[in-house]
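Sequential numbering of the sequence shown, starting at 15, is according to the working numbering.
Data block below; observations after.
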Amino acid sequence: MRRGATAAALAAVVALASALGAAGCGSGESRTTTAPEPGADVAWPRFGGDDDQSRFSPLAEVSTANVGRLGLAWSWQPGDDTTLWESFPVVAGGTLYVTTDSGQVVAFDAAAGVRRWSYTPQVDLLTATAEGQVPVNRGVAVAQGRVYLQTWDARLVALDADDGRELWSVPIAPGEPGVTGAGPPTYDGGRLVVGGSGSDPAGTRGFVAAFDAADGHELWRFHTVPRERGGGRVWMPPTVSGGTVYAGTGNPSPALTGGRRGCEPWTSGMVALDARDGRLRWGATEVCDDVWDYDGGQPPLVYETDVNGIATRVVGHANKSGSYWLRDAASGRELAPPTQLIPQPARRPRPTRAGTTICPGALGGVAYGPAAHDPRGGTIFQGAAVMCMVYRRGAHSQSGRAVRVGGGEARVVPGRAARGALVALDDATGRVRWRRRLPAPLAGGVLATAGGIVFSGCDDGFLYAFDADTGRTLWRGAIGLAFGSAPLTFRAAGRQYVAVVAGGSSVAEQTGAPVGARLVVLRLGGTALRGK
């Protein structure tokens, strides 16, 4: 153990995993002090594994010594309705739940891969999709015998976890045009907390809202920007920890106009809200004068560590600029200068009508992929994309691989390959412990385990296992597709499994990496993955 605070944090993570594994569809409200019993089921019932979005598992059956024996246990391909698959599966009560980009929910026996049920929401994707958007759904929340999801046409839906029956459905943003539901809700003691995302050209206004998990009625709502302005959209699930809601926010609207000056609260950064009533506790704008579409969409990571000898609750967060911030979770005060995850210029140019090359581009840095926190050594692991783009202000046509955002477009630089990086940071200072450069972006996020492994999918089509202490590659398995989400791990029927959705993201769509759709579940001794 590195610090007393991190030892306490590890005990909490282990206890929560044990409690939720035993409870199945747990509430997340109770914690014990006992480690999971050998062979007992260990769930992954949250987007980030636990309330703090740590993406750390106490499971160690798969370790640095044997990870080379990982092989396929089972897999599933959803069919033709998936374009860019960015779903983050969850596991509770021995069932794995995954969504397709159209919002279909499919439940499987987590160990055997047998399909238990499916639910397809009635969504007209053509009318619900605004300019510049591609439908996507990033998963569900499971609690108290129910499965909760957002739909692309901005509804919050509750299903029976046993059979997939729809129990209720409510709109999340009545009277607010352009809003879509991309991220899963966050369950918090009877509340469902959601983020409002949507179209930049439509000027959609971001928000965080809470709904009663019993019947879906609205409890409170916080808009990230004033009514007369757009932007600040919340693309990923908020983190609810210690009575506070932490949410990453997107750019002000419109992006790429070239004419914005100054900071615009609370965009391109994050907000902290009182979980009871949604009142603002603090906010932070990480990128002022944001004409580059540097969203702070990543879900914040919360943990406790020693900072200058004082036990401190910390919130970590990254954005597309390629920097990582550490803040006091109670006050929002910066604890250290932001860490540059990837190379950055001393001065970032502005978009022009003729075109300006900017690094990282609108899909570089950290678009939304979550970090992982290993409390044993006090280390944060973050994946990133090293990707330059040509920005043009005021362009209104779209062709080829171009992203239209507000007043302009951003396009991959022809002939310049996109790369990736996995970076390990000290959780108290933000200092880089090691940095591993990779041949393609790491866009989907990472998983850390007590087996000493960091798992992540790379857009070169391989799932990687890295040594958590050094960053050395221990194993890689050929999946053949890019990755738009992070791996997870669980124990079922006495075995540890590692699961991941492969299929790509908007990053892969821009770089030409292979996209498609495949859910892959691995275990020790499974069928060997082909490829080099």
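Beta carbons: idealized from backbone N, C-alpha and C, even for Gly.
Nearest candidate by alpha-carbon position, reference residue i, set the options
{"i": "Val-400", "options": "Gly-159, Gly-311, Ala-500 and Gln-354", "result": "Gln-354"}
{"i": "Thr-463", "options": "His-387, Pro-528 and Glu-423", "result": "His-387"}
{"i": "Trp-339", "options": "Pro-363, Cys-373, Glu-300 and Thr-114", "result": "Glu-300"}
{"i": "Pro-357", "options": "Tyr-317, Ala-457, Lys-334 and Gly-197", "result": "Lys-334"}
{"i": "Leu-170", "options": "Asp-177, Arg-205, Asp-176 and Gln-524", "result": "Arg-205"}
{"i": "Gly-310", "options": "Gly-257, Val-285, Ser-116 and Gly-466", "result": "Val-285"}
{"i": "Arg-430", "options": "Pro-501, Asp-176 and Pro-374", "result": "Pro-374"}
{"i": "Met-403", "options": "Gly-53, Ala-332 and Val-521", "result": "Val-521"}
{"i": "Ala-269", "options": "Ala-454, Ser-213, Tyr-260 and Phe-469", "result": "Ser-213"}
{"i": "Gly-405", "options": "Ile-394, Gly-383, Thr-370 and Val-380", "result": "Per the sequence presented here, residue 405 reads as Tyr, with Gly not at that position. Comparing Cα positions, the closest option is Thr-370."}
{"i": "Leu-294", "options": "Thr-238, Val-184, Ala-125 and Asp-66", "result": "Thr-238"}
{"i": "Ala-155", "options": "Arg-241, Ala-79, Trp-182 and Gly-63", "result": "Gly-63"}
{"i": "Gly-117", "options": "Pro-92, Asp-441 and Pro-352", "result": "Pro-92"}
{"i": "Glu-242", "options": "Asp-441, Pro-251 and Glu-190", "result": "Glu-190"}
{"i": "Gly-244", "options": "Thr-541, Trp-234 and Ser-267", "result": "Ser-267"}
{"i": "Leu-461", "options": "Arg-83, Asp-55, Gly-53 and Pro-103", "result": "Pro-103"}
{"i": "Arg-364", "options": "Ala-332, Val-305, Leu-439 and Ser-345", "result": "Val-305"}
{"i": "Ala-196", "options": "Pro-389, Trp-182 and Gly-153", "result": "Gly-153"}
{"i": "Thr-393", "options": "Gly-127, Ala-350, Leu-439 and Ser-183", "result": "Leu-439"}
Cβ neighbour criterion (16 or more within 10 Å) applied to residue i
{"i": "Cys-302", "result": "exposed"}
{"i": "Pro-50", "result": "buried"}
{"i": "Leu-231", "result": "Checking the sequence shown, residue 231 turns out to be His, not Leu. Flag for His-231 reads exposed."}
{"i": "Asn-322", "result": "exposed"}
{"i": "Ala-527", "result": "buried"}
{"i": "Ala-507", "result": "exposed"}
{"i": "Leu-110", "result": "buried"}
{"i": "Gly-465", "result": "buried"}
{"i": "Thr-134", "result": "exposed"}
{"i": "Pro-198", "result": "buried"}
{"i": "Ile-324", "result": "exposed"}
{"i": "Ala-479", "result": "buried"}
{"i": "Glu-278", "result": "buried"}
{"i": "Gly-539", "result": "exposed"}
{"i": "Ser-71", "result": "buried"}
{"i": "Val-316", "result": "buried"}
{"i": "Arg-179", "result": "exposed"}
{"i": "Thr-200", "result": "buried"}
{"i": "Leu-287", "result": "buried"}
{"i": "Gly-35", "result": "Low confidence applies to Gly-35: its pLDDT is 46, below 50, so where it sits in the model is not reliable, and the reading given next is rough at best. Burial call: buried."}
{"i": "Leu-163", "result": "buried"}
Straight-line Cα distance separating residue j from residue i
{"i": "Asp-481", "j": "Gly-217", "result": "44 Å"}
{"i": "Ala-409", "j": "Arg-362", "result": "Note that Ala-409 scores a pLDDT of 44, beneath 50, so its modelled location is shaky; the value from the coordinates is reported in the next line. For Ala-409 and Arg-362, the distance between alpha carbons rounds to 20 Å."}
{"i": "Arg-537", "j": "Gly-85", "result": "6 Å"}
{"i": "Ile-186", "j": "Gly-210", "result": "8 Å"}
{"i": "Leu-452", "j": "Val-427", "result": "19 Å"}
{"i": "Trp-58", "j": "Val-105", "result": "5 Å"}
{"i": "Arg-160", "j": "Asp-174", "result": "5 Å"}
{"i": "Asn-151", "j": "Gly-107", "result": "22 Å"}
{"i": "Gln-524", "j": "Leu-377", "result": "9 Å"}
{"i": "Thr-194", "j": "Thr-503", "result": "29 Å"}
{"i": "Trp-90", "j": "Gly-494", "result": "14 Å"}
{"i": "Val-137", "j": "Ala-157", "result": "24 Å"}
{"i": "Asp-202", "j": "Gly-391", "result": "28 Å"}
{"i": "Gly-471", "j": "Ala-385", "result": "13 Å"}
{"i": "Arg-341", "j": "Arg-347", "result": "5 Å"}
{"i": "Gly-434", "j": "Thr-487", "result": "14 Å"}
{"i": "Gly-336", "j": "Arg-69", "result": "20 Å"}
{"i": "Arg-544", "j": "Arg-509", "result": "23 Å"}
{"i": "Gln-67", "j": "Ser-345", "result": "19 Å"}
{"i": "Val-148", "j": "Pro-52", "result": "44 Å"}
Rounded distance between the beta-carbons of residue j and residue i, thought under 8 Å
{"i": "Ala-224", "j": "Asp-307", "result": "With a Cβ gap of about 28 Å, Ala-224 and Asp-307 do not count as contacting."}
{"i": "Val-535", "j": "Ala-87", "result": "5 Å"}
{"i": "Asn-265", "j": "Thr-253", "result": "Not a contact, Cβ separation roughly 20 Å."}
{"i": "Gly-220", "j": "Gly-246", "result": "4 Å"}
{"i": "Trp-99", "j": "Gly-498", "result": "6 Å"}
{"i": "Gly-262", "j": "Pro-314", "result": "6 Å"}
{"i": "Val-514", "j": "Leu-477", "result": "6 Å"}
{"i": "Ala-124", "j": "Trp-131", "result": "Actually they are not in contact, since the Cβ atoms of Ala-124 and Trp-131 sit about 14 Å apart, beyond 8 Å."}
{"i": "Asp-483", "j": "Thr-319", "result": "Actually they do not touch by this definition, with Cβ atoms about 18 Å apart."}
{"i": "Val-76", "j": "Val-512", "result": "6 Å"}
7 Å Cβ cutoff met for residue i and residue j
{"i": "Val-529", "j": "Ala-500", "result": "no"}
{"i": "Gly-257", "j": "Ala-289", "result": "yes"}
{"i": "Tyr-382", "j": "Trp-166", "result": "no"}
{"i": "Val-81", "j": "Trp-448", "result": "no"}
{"i": "Phe-395", "j": "Val-328", "result": "no"}
{"i": "Trp-445", "j": "Leu-436", "result": "First, the amino acid is wrong: residue 445 is Arg here, not Trp. Contact flag unset, no."}
{"i": "Ala-8", "j": "Ser-519", "result": "Here the chain comprises residues numbered 15 to 546, so residue 8 is not present and cannot be evaluated."}
{"i": "Ala-407", "j": "Thr-443", "result": "Note on identity: in this sequence residue 407 is Arg, with Ala being the wrong assignment. No."}
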